[in-house]
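Participant: If you scroll down you'll find the structure; I have some questions about it.
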Amino acid sequence: MPDGATQLVASLEAHDVEYVFGVCGDTSVGLYRTLAEADTPVTHVLARDERSASFMADAYARLSGRPGVCEGPSGGGATYLVPGLAEANDSCVPVVGLNTTTPVRYRGRGVLTELDQTGLFGTVTKWNASADHPDQVPRLVREAFRQATAGRPGATHLSLPMDTLAGESDGEAYAPERTRRCPADRPRPDPDRLDRAAALLRSAAAPLVVAGGGVHTSRAWSQLREFAETAGVPVAGTLTSAGCLGDSPYWAGVLGENGGRAYANDLRDGADLLVLAGTAVESVWTEKWSRPPDRAVDIVHIDIAAESVGKNYETDVAVPADLRVALSALTERVRAGGPRECVDAASLRARHEAWIEPYAARFGADDFPLRPERLVAGAQDVLEDGAVIVSDPGTSCPYFAALYEFTEPGRHWVTPRAHGALGYALPGIVGAHYARPDAQVVGFTGDGSLGTCLGELETLARLELPVTLVVVNNGSFSWIEAGQRNFADFAFGVEFGSADYAAVAEQLGVAGFRVSAADEYETALATAVETDGPALVDVPTAPLPDIEDVPVDWLEPGE
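Residue numbering for the sequence shown follows our numbering, beginning at 430 and increasing consecutively.
In structure tokens:
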């Protein structure tokens with residue numbers, strides 16, 4: 430009869446799990462022995478920190494459409510998984526977290542590293558449980574994947590005591606086909622509500638689609654593009670959906686406080702109908718629920734999470750359904766009503782050209798340390814159309830979201846926005862590579878973020894991954910300092926020493942390139958992405974408080 434650890438690995442196999450990102454520990458001995466000795470297609474990817482492992486799983490899930498899996502041991506290993514699972518859960522990303530832990534028979538006796546894991550993860554996951562008997566392992570693994578992928582996706586957690594993994598189990602390791610990918614189900618919309626939505630659209634003079642991360646979850650990129658171009662309606666995106674429409678003439682860019690384009694915000698403020706497509710009515714794109722200004726606007730809200738519909742703004746037509754299915758059906762109704770264009774694509778392009786002109790004037794700036802506009806423009810020149818960009822939530826995030834022109838519809842942009850977790854980009858490019866092994870994968874991180882996960886450079890070298898990390902090196906938590914100065918013209922607790930991160934990378938086995946003049950940046954980046962293996966580009970960059978013309982609304986405290 431198999432033991433619990435064997436049942437766990439068999440259950441992961443049944444769910445078509447390709448990779449488990451994790452860190453070893455005392456309580457993980459039984460699991461690791463099984464992974465080492467079993468003939469299994471499951472590959473274990475060793476990270477240097479459990480938080481990094483959870484970010485790897487998160488990025489993998491966002492880009493692959495499969496649940497990401499991470500694991501760690503008891504005690505500190507469990508607490509270190511919390512940030513990544515919290516980020517995944519609040520970003521609607523299907524991640525399954527596994528923690529081995531102290532034996533059930535010792536529970537409550539104060540054994541070293543004992544921790545109430547179900548209590549710990551209860552507030553940061555969609556579902557969590559403890560498998561206190563070997564027979565429970567297959568069933569609880571199935572439930573973890575079902576909860577992660579069904580309805581509103583999110584993070585789940587399963588605690589696995591050592592004696593559970595060691596004991597004999599007669600449970601059956603199998604997996605429903607539907608929970609091996611996300612979304613597990615595609616609920617269909619109510620036809621009457623779609624008819625009402627189409628009627629509102631026909632009568633609207635200035636409609637706008639606001640696309641959120643649900644576009645990626647549903648893989649609804651082509652359906653959204655077809656809808657926009659059939660109805661002639663502009664589409665603005667939240668920060669997480671940047672570039673989802675590719676080069677569609679109806680893409681208006683990101684809106685809101687962080688990386689928003691001014692004309693996209695104007696379209697929002699002047700709209701008489703908002704079609705919310707896979708987005709919550711959250712604080713950033715609504716500018717803390719102050720926009721549209723008087724909120725006197727009709728709203729059609731399409732979201733697989735019924736609990737999100739109508740949460741903050743009154744909704745005229747609620748469509749709790751899978752976004753891909755709903756958009757296809759709504760497009761049919763729009764097409765049946767005859768041609769109608771709510772905005773001229775040429776005029777939308779003209780608004781874009783007028784908005785981007787002052788930024789474009791700095792795309793080739795020779796200022797050094799480098800301006801962020803050139804950081805983006807250089808990447809645009811060097812990277813392939815299908816490249817995957819993973820950004821930490823600092824300086825690079827709003828500039829890339831606002832200025833980078835993604836040409837192919839789909840998900841080519843990943844950034845953690847639920848909790849703005851620093852240190853995401855470096856482990857994120859590991860998960861991104863395993864999800865998209867044929868794509869160029871480039872991460873952009875600040876030196877503040879890099880300080881939280883520097884050891885993962887060794888992971889890149891050990892795994893020999895063909896990925897590139899660009900370090901925005903300004904010797905400070907620059908984005909926070911800019912927010913402090915914008916808020917009350919002070920700076921405190923934000924500066925630290927600078928370093929030659931290219932040299933550090935070389936010591937850890939990663940090819941390092943140090944930029945010492947503006948005209949070296951593009952060459953260094955091109956050489957790095959062509960390197961056979963991992964590479965790091967260290968780019969001294971001007972701190973944001975020293976840069977003129979940073980949009981003030983990008984620096985709102987707390988965003």
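The beta-carbon is built from N, C-alpha and C at its ideal position, and this holds for glycine as well.
By the three-class DSSP mapping on this structure, what secondary structure does D827 have?
Facilitator: The displayed chain sequence assigns Pro, not Asp, to residue 827. In the structure shown, P827 sits in a helix (DSSP, three-state: H, G or I).
Participant: Tell me the residue span of the alpha helix (DSSP H) that contains T463.
Facilitator: Note, T463: alpha helix (DSSP H), V458 to E466.
Participant: On the DSSP letters alone, give me the boundaries of the alpha helix (DSSP H) that T646 sits inside.
Facilitator: Where T646 is concerned, the enclosing alpha helix (DSSP H) stretches over G643 to T646.
Participant: Roughly how many angstroms lie between the CA atoms of I909 and R607, to the nearest whole one?
Facilitator: So the alpha carbons of these two residues sit roughly 43 Å apart.
Participant: For A595, which three-state DSSP category applies?
Facilitator: Helix, per DSSP.
Participant: When you compare each of L475, S907, Q436 and W556 to P886 by their alpha carbons, which one comes out closest?
Facilitator: The displayed chain sequence assigns Leu, not Pro, to residue 886. Looking at the Cα atoms, L475 is the closest of the given residues.
Participant: Is DSSP giving T608 helix, strand or coil here?
Facilitator: Helix, per DSSP.
Participant: Do the region 795-814 and the region 945-959 make contact, defined as three or more Cβ pairs closer than 8 Å?
Facilitator: Yes, the region 795-814 touches the region 945-959.
Participant: How big is the Cα-Cα spacing for A890 and V896?
Facilitator: Whole-angstrom Cα-Cα distance: 10 Å.
Participant: Using only CA atoms, which one of D487, E572, C826 and A517 lies nearest to S440?
Facilitator: Considering only alpha carbons, the answer is E572.
Participant: I'd like to know whether the C-beta atoms of G884 and G904 end up nearer to each other than 8 Å.
Facilitator: In this structure, G904 does not lie closer than 8 Å to G884 by Cβ.
Participant: Classify A490 as buried or exposed, calling it buried when 16 or more other Cβ atoms lie within 10 Å of its own Cβ.
Facilitator: The residue is buried, with at least 16 neighbouring Cβ atoms inside 10 Å.
Participant: Which partner residues does G666 have in the DSSP bridge list?
Facilitator: Answer by DSSP bridge pairing, in chain order: A640 and V683.
Participant: With H781 as the anchor, note down where its alpha helix (DSSP H) starts and where it stops.
Facilitator: Here the alpha helix (DSSP H) through H781 covers A774 to A789.
Participant: Would you report the Cα separation of T760 and L437, rounded to the nearest angstrom?
Facilitator: Each residue's Cα considered, the two are about 44 Å apart.
Participant: With 16 as the cutoff for other CB atoms within 10 Å, does G767 come out buried or exposed?
Facilitator: With fewer than 16 Cβ atoms within 10 Å of its Cβ, G767 is classed as exposed.
Participant: Roughly how many whole angstroms lie between the Cα atoms of V638 and R477?
Facilitator: Roughly 42 Å between the two C-alpha positions.
Participant: Between which two residues does the alpha helix (DSSP H) harbouring W908 extend?
Facilitator: Counting along the chain, the alpha helix (DSSP H) containing W908 begins and ends at S907 to A917.
Participant: In this structure, what does DSSP give as the bridge partners for S588?
Facilitator: According to DSSP, S588 bridges with N528 and S559.
Participant: Kindly indicate the opening and closing residues of the beta strand (DSSP E) around Y489.
Facilitator: Element bounds for Y489: not the beta strand (DSSP E) but the alpha helix (DSSP H), E479 to S493.
Participant: Between which two residues does the beta strand (DSSP E) containing F873 stretch?
Facilitator: First-last of the beta strand (DSSP E) with F873: V870 to G875.
Participant: From T472 to S677, what distance separates their C-alpha atoms?
Facilitator: Distance between the alpha carbons of T472 and S677: 38 Å.
Participant: Evaluate the contact criterion for the region 441-457 versus the region 481-499: three or more CB pairs, one atom per stretch, below 8 Å.
Facilitator: Yes, since at least three Cβ pairs between the region 441-457 and the region 481-499 fall closer than 8 Å, the two stretches touch.
Participant: Starting from V859 and walking both ways along the alpha helix (DSSP H), at which residues does that stretch end?
Facilitator: From DSSP, the alpha helix (DSSP H) with V859 extends over A854 to A864.
Participant: DSSP state of E716, grouped into three classes?
Facilitator: Here E716 sits in coil by DSSP.
Participant: If we count the other Cβ atoms within 10 Å of its Cβ and call it buried at 16 or more, is S598 buried or exposed?
Facilitator: Buried, because 16 or more other Cβ atoms sit within 10 Å of the Cβ of S598.
Participant: State the start and end residues of the unbroken beta strand (DSSP E) segment that holds L883.
Facilitator: Neither: L883 is in no beta strand (DSSP E) and is coded neither H nor E.
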